[in-house]
Structure formats: C-alpha cells, structure tokens
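Enquirer: Protein chains in written order, with our numbering: chain A, -11 to 97; chain B, 333 to 447.
Beta carbons are placed, not taken as given, at the ideal position from N, Cα and C, and that holds for glycine.
From a predicted model like this one, the values you see are computed outputs, not experimental measurements.
1. Between residue 401 of chain B and residue 367 of chain B, is the Cβ-Cβ spacing less than 8 angstroms?
2. Please list the terminal residues of the continuous beta strand (DSSP E) segment that includes residue -2 of chain A.
3. In chain order, what residues of the region 417 to 447 of chain B put their CB closer than 9 angstroms to some CB of chain A?
4. Whose Cβ in chain B lies nearer than 7 angstroms to the Cβ of residue 30 of chain A?
5. Which one or two residues does DSSP pair with residue 362 of chain B in a beta bridge?
6. Could you list which residues in chain B have their beta carbon closer than 8 angstroms to that of residue 37 of chain A, in chain order?
7. Residues of chain A with CB closer than 9 angstroms to the CB of residue 378 of chain B, please, in chain order.
8. List the endpoints of the continuous beta strand (DSSP E) containing residue 86 of chain A.
9. Could you tell me which chain B residues have their CB closer than 9 angstroms to the CB of residue 20 of chain A, listed as they occur along the chain?
10. Between the C-alpha atoms of residue 386 of chain B and residue 34 of chain A, what's the straight-line distance to the nearest angstrom?
11. Using a C-beta to C-beta distance shorter than 7 angstroms, which residues of chain A count as neighbours of residue 412 of chain B?
12. So that I know if they touch, is there some Cβ in chain A lying closer than 8 angstroms to that of residue 375 of chain B?
13. So residue 381 of chain B contacts chain A; which residues on that side make the cut at Cβ distance below 7 angstroms?
14. Check each candidate in A:6, A:40 and A:32 and name the one with the smallest Cα separation from residue 15 of chain A.
15. Within 10 Å of its beta-carbon, does residue 28 of chain A have 16 or more other beta-carbons around it, so buried, or fewer, so exposed?
16. Is residue 89 of chain A closer than 8 angstroms to residue -6 of chain A when the C-beta atoms are compared?
17. Could you give the first and the last residue of the continuous beta strand (DSSP E) run that contains residue 18 of chain A?
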C-alpha cells in the first residue's frame, strides 16, 4: 500500500517554481523516493528518484529531509505543459510499486 | 530513456469475449513488469506483478482467473481480460523495471471499453 501523503491539489503561476511536498514518515532505510507525473489519459512519466541525497536532473530537483520523512519535488520554472497529477512513491527494489492519490498541479498563465 | 510500449492503445470488445493487451520493453530487458488499472479521476491501482518465467503475483481482490498475465520473455508481458464485462472497462497500464533495477518505466496505457 502507498505510504505517502500529498496535498490533493496545488496551483502555480507560469514561470515560477512549483514546490510539491510529500510526507513519507514510515519510510524504511532502503526505500527510495520516486516522483512520477501523469498527464490526462497517458501513462505515468518518470521524473526523478533518490535515496538520501538531494537529486537534480533536467526536469526537476528532489529535496529529501535529513530524517527522510518528507521530500519536495521542485519544478524550477513551471510551464503550462507541467499541468499534471504528480505522484510521490516510496519503493524498495524488488517490492511492489504502489501509487498514492497524488497532487493535481495546475499551472496558471 | 527506456521505452515501454503497449498495444492496443484502445480496444472495444463485446461482453463475454476476451481481450489481450501486450506490454513490451523496447530497448531493455525487463525481469519484472507491473499491471495497473485506473478509473477516471482515480489513482493507479496495482493489479499484479509479473516476473519473467514465473507466475504472476496478484494483489488482494484481483481475480487471477479473470485477469490472466503471462510474462514469457524478458521483453513481453500480456494481460488477458477473460469473459469481459462492462465493469471491466478501464484504463490499463503496464510498467517495467529497467536493468539497473531502480527505475520503472510506464507504457502509454490501453483503454478498454466493453459493450
């Protein structure tokens, strides 16, 4: 079962940074934090994942707190195409991959 | 990045018939694939985990005789919905674990409509 809690929805102005929080207070030491997004009627798209350290790629940055009980996905300059449902998932390789309810992000012009 | 392809993207079938959905990893070998279904405005619900060469592991409440999963090769898994009924109409999505074991890639999804 999903072990994450995310806000149901968020808005962000176009061009501004979108900061999406996720709580995973029961995360185990060997579980990674993954972020995916899903645009309507498409399969989920991988964004980023991390274990302990902060991570950055061409799409986003992932900030994980020191106690690993929460994380934040940062889209540095949100565009209208970033409007989607964003899922935070904790997962250990070899286990099942469960989705929570996600955050519906709306980027406003 | 790695690509996972599903086919068909949309299918309409008559009630009582069976329909097969294919999931292929196009440029990597996938020892594990996951199958999900998703209802409108809902999250993805894991149906089963498919391991190459062995029987799939089904989530609680998912009928294994109704949703047949075969993972006969490292690049192909299939989901067969048997004796389909209108309530089986849904968006079905597969995913595959990449060779590095840490990243999971998703297919584009398949819309099933049972009439």
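Expert: Let me spell this out:
1. yes
2. -3 to 1
3. 423, 425, 426, 427, 429, 433, 434, 435, 436, 437, 438, 439, 440, 441 and 443
4. 440 and 441
5. Answer is none; residue 362 of chain B lacks a bridge partner.
6. 434 and 435
7. 84, 85, 86 and 87
8. Where residue 86 of chain A is concerned, there is no enclosing beta strand (DSSP E), given that its DSSP letter is neither H nor E.
9. 434
10. 27 angstroms
11. Those do not exist, as residue 412 of chain B stays about 20 angstroms from chain A at its closest Cβ, beyond 7 angstroms.
12. yes
13. 84
14. A:40
15. exposed
16. yes
17. Premise fails: residue 18 of chain A is in no beta strand (DSSP E) and is neither H nor E.
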